[in-house]
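Residue numbering for the sequence shown follows the numbering used here, starting at -15 and increasing by one per position.
Even for Gly, the Cβ is constructed at its ideal location relative to N, Cα and C.
Before any comments, here is the structure.
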Amino acid sequence: MSDDEARRVFQVVDSFEPDRFVQLLAEDARLVFGNAEPMVGRDAIAEGLRTFFATIAGLAHRLVRTWQADADTIAETEVTYRRLDGKDVSVVAVSIWRTRDDGLISDYRIFVDLAPVYAT
């Protein structure tokens, strides 16, 4: 996957539209956010994203670097979260996803420390 393709994935994430994001995923995809329980399937992932998005006002990814290993993409990003109080907080994150031969993502993992986003 090229940087352009990784940027496309993050543009969809940053659209703040869970139903649009899950169209990038296989029907039985699995998403794991940090140490949270895995979400499996488009419906569960969309609902999980809606729940998370309700706690923030927006987000924007800046792609720092990507690596490709067979069907796996590893992306280092700087993510700026807009808090509900209007303040922006930026943190480093790593996302890893596996793409099937049909181009759909089957496994998506996000590693990030969100503590600064929710700090008072």
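query, result
"Cβ-based neighbour list, F0, same chain, cut-off 8 angstroms, excluding 5 preceding and 5 following", "F37, G42 and L43"
"Buried or exposed by the 16-neighbour rule on C-beta atoms within 10 Å, applied to R34", "exposed"
"Contact under 8 angstroms by Cβ, S90 with T61", "no"
"Integer-rounded CB distance, given that D12 should sit under 8 angstroms from G25", "6 angstroms"
"Contact belief for T20 with P2 at Cβ below 8 angstroms, rounded distance in angstroms", "According to the sequence shown, residue 20 is Ala rather than Thr. The Cβ separation is near 15 angstroms, so there is no contact."
"Secondary structure, alpha helix (DSSP H): runs of 4+ residues fully inside the region -12 to 36", "2 to 5"
"Reduced DSSP secondary structure (H/G/I, E/B, other) of A53", "strand"
"Beta-bridge pairing of V63 - partner residues as DSSP gives them", "H45 and V75"
"Supposed close pair V63, H45 - CB separation, criterion 8 angstroms", "5 angstroms"
"8 angstroms Cβ cutoff met for W81 and T50", "no"
"CB contact flag (V96, G18, <8 angstroms)", "yes"
"Cα-Cα separation between A53 and S(-14), rounded to whole angstroms", "12 angstroms"
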